[in-house]
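Enquirer: Protein chains in written order, with this note's numbering: chain A, 98 to 319; chain B, 98 to 319; chain C, 381 to 591; chain D, 480 to 734.
We put the beta carbon where it would ideally sit given N, CA and C, even for glycine.
Once you've had a glance at the structure underneath, I'll fire off some questions.
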């Protein structure tokens, strides 16, 4: 990876759901290595849409998406992106689908083609990163809300991504888990985009902030 | 109904799911006529559990639940409670289980033994209360998120309850629907318990606020 | 594994309709009103899966049928559930048909009920995930094999000349049955570990002959 | 995205009461299935085509359905006449096509197309929930009607959950292949979908109890029978009786 280039370069991107007014309109966004960008905006303003577009789960109607130094448009282009850009979904219930914590965290590394031993190591590392050692054999469905959030983050970190896209990582957590997530994010070296309604939280974990409003991105000071 | 007594009086109530640490422990809560109580707390802290216990969907392991002037413990005791205490569920898709809006709203009144004419009137009234006149024949699963929430509320209001229990009524709504729910709640005469993560919202629709934390209820100032 | 509209002559269609009506009646009698949402949600989930999940098989892919799973989860209620699902499939996607609705309900539903008697209790009592997985494989394979037999039977009864279709589809079906088995195994294994309550459901469909 | 869309529209067919449409479709299907004569079968296809035009079925989806059905019929035409014994009707590339085989395949093709057209024009144009109500008013068992309604109600909800789960899997670099890993992954996905469905069904039951449900459903919906419905009933009755009459004078059921 060229350490000097941009991680992400979005130019003139528009997105609309079928026959509705556009969610995003002519949006530009550049993110460089090591940057941590906060994203705020009302519900339905297009924050999640933007994250999903970056990993190719949604395709823009217009504009160009360049990620990790290459223009990406086809499904195939995004295969590599998804191995190197980790997306944490808003609802951990959507992200965790395996019976046990261990299997869930192993899912990403296995998809990356890692062997058994590498995968086991990745699982252990990821769990210790989020401070959940010993949770390997727990049934994911039975975890509490906060635990699920941390495990979801572990499933993403296990893939050792270069960029993290985090959709409301602190939402609905009790104060203890909230603080845990905050200090964890501060300790991570990756570039990241963090979506949140909590401006205080964003101010403490990111280096700059953007607001999504009326389909546009605006730089704001928090 | 004795207008001077308490609507709700919970004393020393504990609840635990099988073999786990208790969700609620020795909780006391009294609600008087006309009171509007906000309830905050992290995901999984027991807010929903408390609401479900009040209408008898969950039975406490310990303690006493007195509602509308009577101690309630058996399933039968709660039949009356459920006709007079309306619970709005978190996910409107759980609450709207009939094909059309009209049938969904009529479901409660019909169960209350109202005849066709009374039911029709109840449906009309409830729809006009939430400002959704003309939605009678709409297919419920084609409604938008905000519309679903308002219709769910109409299904509850059609039963003319004395108390409302609202589980995150504004969650996930766009700003316009959000404001509509807020002003609607302000216009309703019933006593209510409102669960939300949005402290601002609670401050504007309730008269006092409680936080659920570590299985306990604490009065807070918002 | 549908009998397409027009293929079955009146006699076969009528026999299928009668058998299906009997099975559905039993299923409805066993299902109480308050069990309807649960049966419907399981039916919905299986319907969605059979429509959108495509299991890769060589250069192509196959849709799961999951009638074995429906059987262990629903018991006799699988009969009305399949009647509803097959009617919707005929109406929305033109699979099967209206005159063959009875035959197709029998083809899907009876093997499901058989799986309920054969495997449901064993899965409930299985202790290890592996055991549940294997029982799931057995349920998937048994149900689909029985369905194939019923399908082939009704096709041949519809006209001896149609036997050629049965012969030609024998080999593909072997592959499909194998994949269906593995797939059902993983689902049953998952449910046994994560939500064993799923298999307590057939108590809701207790008929007098319930073991 | 929805997997429960019907062919909506504003034609006279769409405005008809769904109840007689259900009955007419059923009787038509049975008559056609019973029939053994080309003149009846061809008239059946004609009636179907007429209804399809009357209800202005959208061309593309209808063509797709017809194509799918008739692809199977092409296979039948190639297979059955070439493998059944008997007098050859003609030869194609020196392969004999038997007389009986061709007639069997032709009969099946006409029946399938006629029923498909009528089924889609008359019932495919009913909002699905109204179809449920029609079943109820036609005295289908109440439990079956409710099962139908609930299944219908949650199809899109569960489909949406499936899509969401699959999306999160894709985001973690999942690419289906012919492997145990893929089958296991789909198995877990389906398992999760079922767990969510079962948990949701409990919440639905709770919501029903909260609104006074004590184990019994009360019907609310009702239909209005208009003059146009009477006209439809009369016309269908005449057409269907004509079919039966032609079948009868043509000499019973032959195949």
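Since residue 631 (chain D) contacts residue 609 (chain D) with CB under 8 Å, what's their CB separation in whole angstroms?
Expert: Not a contact, Cβ separation roughly 11 Å.
Enquirer: Would you check if the distance between the CB atom of residue 666 (chain D) and the CB atom of residue 567 (chain C) is smaller than 8 Å?
Expert: yes
Enquirer: Counting only beta-carbon separations shorter than 8 Å, does residue 196 (chain A) have a partner in chain D?
Expert: yes
Enquirer: Would you say residue 502 (chain C) lies against chain D (beta-carbon separation less than 8 Å)?
Expert: no
Enquirer: Quick one: residues in its chain with C-beta nearer than 6 Å to the C-beta of residue 613 (chain D), no 5 flanking neighbours on either side, listed in chain order?
Expert: 497, 498, 501
Enquirer: Against residue 233 (chain B), what residues of chain D qualify as contacts under a CB-to-CB distance less than 9 Å, listed in chain order?
Expert: Result: empty, since nearest Cβ-Cβ is about 11 Å, beyond 9 Å.
Enquirer: Helix, strand or coil for residue 226 (chain A)? Go by DSSP, reduced to three states.
Expert: helix
Enquirer: Fully enclosed by the stretch 225 to 263 of chain A, which alpha helix (DSSP H) runs are 4 residues long or longer?
Expert: For secondary structure counted as the alpha helix (DSSP H) over 4 or more consecutive residues, the stretch 225 to 263 of chain A holds these complete runs in sequence order: 242 to 254.
Enquirer: Which residues of chain A have a Cβ atom closer than 9 Å to the Cβ of residue 643 (chain D), listed in chain order?
Expert: 186, 188, 191
Enquirer: Which word fits residue 200 (chain B), buried or exposed, when buried means at least 16 other C-beta atoms lie within 10 angstroms of its C-beta?
Expert: buried
Enquirer: Are the beta-carbon atoms belonging to residue 587 (chain D) and residue 386 (chain C) less than 8 Å from one another?
Expert: yes
Enquirer: Could you spell out the range, first to last residue, of the beta strand (DSSP E) harbouring residue 574 (chain D)?
Expert: 574 to 577
Enquirer: With a cut-off of 8 Å, does the C-beta of residue 114 (chain A) fall near any C-beta of chain C?
Expert: no
Enquirer: Using 8 Å as the limit for Cβ to Cβ distance, is residue 303 (chain B) near chain D?
Expert: no
Enquirer: If the criterion is Cβ atoms closer than 8 Å, does the pair residue 304 (chain A) and residue 291 (chain A) meet it?
Expert: no
Enquirer: Report the CB separation of residue 319 (chain B) from residue 300 (chain B) in whole angstroms; it is logged as a contact under 8 Å.
Expert: Confirmed, Cβ separation roughly 4 Å.
Enquirer: I'd like to confirm the pairing. Which residues does DSSP put opposite residue 126 (chain A) in its beta bridges?
Expert: A:107
Enquirer: In angstroms with no decimal places, state the Cα-to-Cα distance between residue 307 (chain A) and residue 294 (chain A).
Expert: 12 Å
Enquirer: Tell me which residues of the stretch 666 to 698 of chain D have at least one Cβ-Cβ distance to chain A shorter than 7 Å, keeping chain order.
Expert: 667, 668, 671, 674
Enquirer: State the Cα-Cα distance for the pair residue 454 (chain C) and residue 496 (chain C), rounded to the nearest angstrom.
Expert: Rounded to whole angstroms, the separation of the alpha carbons of residue 496 (chain C) and residue 454 (chain C) is 8 Å.
Enquirer: For the beta strand (DSSP E) containing residue 610 (chain D), name the first residue and the last one.
Expert: Run containing residue 610 (chain D): none in the beta strand (DSSP E); it sits in the alpha helix (DSSP H), 607 to 616.
Enquirer: Just checking: is the beta-carbon of residue 239 (chain B) within a distance shorter than 8 Å of some beta-carbon in chain G?
Expert: Here the protein chains are A, B, C and D, and chain G is not one of them.
Enquirer: Taking Cβ positions, are residue 145 (chain A) and residue 311 (chain A) nearer each other than 8 Å?
Expert: no
Enquirer: Which residue from A:103, A:104, A:271, A:119 puts its Cα closest to that of residue 313 (chain A)?
Expert: A:119
Enquirer: Inspect the CB distances between the stretch 395 to 414 of chain C and the stretch 483 to 495 of chain C and report whether three or more fall short of 8 Å.
Expert: yes
Enquirer: Looking only at its chain, what residues have a beta carbon closer than 6 Å to the beta carbon of residue 261 (chain A), apart from the 5 residues adjacent to it on each side?
Expert: Closer than 6 Å at the Cβ level, and outside the excluded window around residue 261 (chain A), lie 183, 287, 289.
Enquirer: Helix, strand or coil, according to DSSP, for residue 649 (chain D) in the structure here?
Expert: helix
Enquirer: Give me the residue from B:240, B:124, B:174, B:234 with the minimum Cα distance to residue 309 (chain B).
Expert: B:124
Enquirer: Within 10 angstroms of the Cβ of residue 195 (chain B), are there 16 or more other Cβ atoms? Answer buried if so, exposed if not.
Expert: buried
Enquirer: Please classify residue 131 (chain B) as buried or exposed, where buried requires at least 16 other C-beta atoms within 10 Å of its C-beta.
Expert: Flag for residue 131 (chain B) reads exposed.
Enquirer: Name the chain A residues whose beta carbon is nearer than 8 Å to that of residue 737 (chain D)?
Expert: Nothing can be reported for residue 737 (chain D): it is not among the residues displayed for chain D, which extend from 480 to 734.
Enquirer: Strictly by DSSP, which residues pair up with residue 163 (chain B)?
Expert: According to DSSP, which records beta bridges pairwise, residue 163 (chain B) is partnered with B:106, B:168.
Enquirer: Counting only Cβ pairs nearer than 8 Å, list the residues of chain D close to residue 204 (chain A).
Expert: 648, 651, 653, 664
Enquirer: Measuring straight from C-alpha to C-alpha, what distance separates residue 691 (chain D) and residue 209 (chain B)?
Expert: 6 Å
Enquirer: Using Cβ-Cβ distances below 7 Å, what residues of the stretch 266 to 292 of chain A are close to chain B?
Expert: For the stretch 266 to 292 of chain A, the set of residues with a beta-carbon nearer than 7 Å to any beta-carbon of chain B comprises 269, 270, 271, in chain order.
Enquirer: Given that residue 478 (chain D) touches chain C, what residues does it touch there, using C-beta distances under 9 Å?
Expert: The structure shown has nothing for residue 478 (chain D), since chain D only spans 480 to 734.
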